[in-house]
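Heads up, the sequence shown is in this note's numbering, so the first residue is -12 and it goes up one at a time. First up is the structure itself, then whatever we jot down about it.
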Amino acid sequence: MAEQDDIFGAIEALNLTYLGLVQQMLQIDREVAARELGISNRMAAWIIALTPDQIEELANRSEPLCDLREEVVPARA
């Protein structure tokens, strides 16, 4: 059980870091960041408007909020 709690804690930390980075990217250059992240303008506006409490609540999930897109994975030989 402790190992599972460690994993959930790591996922929460990842989510907090990811959301903070995404929010910062969108605040710097919303159009470029939204395109790079593959999100809509509506989602970008929603993320920018998140309060610290909302970010913390959203981050407290059992699954990562970020995902790895197939098109960015290097080809294997």
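All C-beta atoms, glycine included, are put in the ideal place defined by N, C-alpha and C. Model, not experiment: these values are computed from the prediction.
Reduced DSSP category for residue i - H, G, I as helix; E, B as strand; rest coil
{"i": "I(-6)", "result": "helix"}
{"i": "V60", "result": "coil"}
{"i": "T38", "result": "coil"}
{"i": "G7", "result": "helix"}
{"i": "N47", "result": "coil"}
Residue nearest to residue i in terms of C-alpha spacing, selected from the options
{"i": "M30", "options": "R17, N2, S49", "result": "R17"}
{"i": "L3", "options": "E58, E23, S49, L55", "result": "S49"}
{"i": "R56", "options": "E(-1), L6, L24, I(-6)", "result": "L24"}
Own chain partners of residue i with C-beta closer than 7 Å, once the 5 adjacent residues on each side are dropped
{"i": "Q10", "result": "I34, I35, L37"}
{"i": "L1", "result": "P51"}
Proximal residues to residue i (C-beta, below 8 Å), its chain only, five neighbours per side dropped
{"i": "Q101", "result": "The structure shown does not extend to residue 101, since the chain is modelled only from -12 through 64, so no value can be given for it."}
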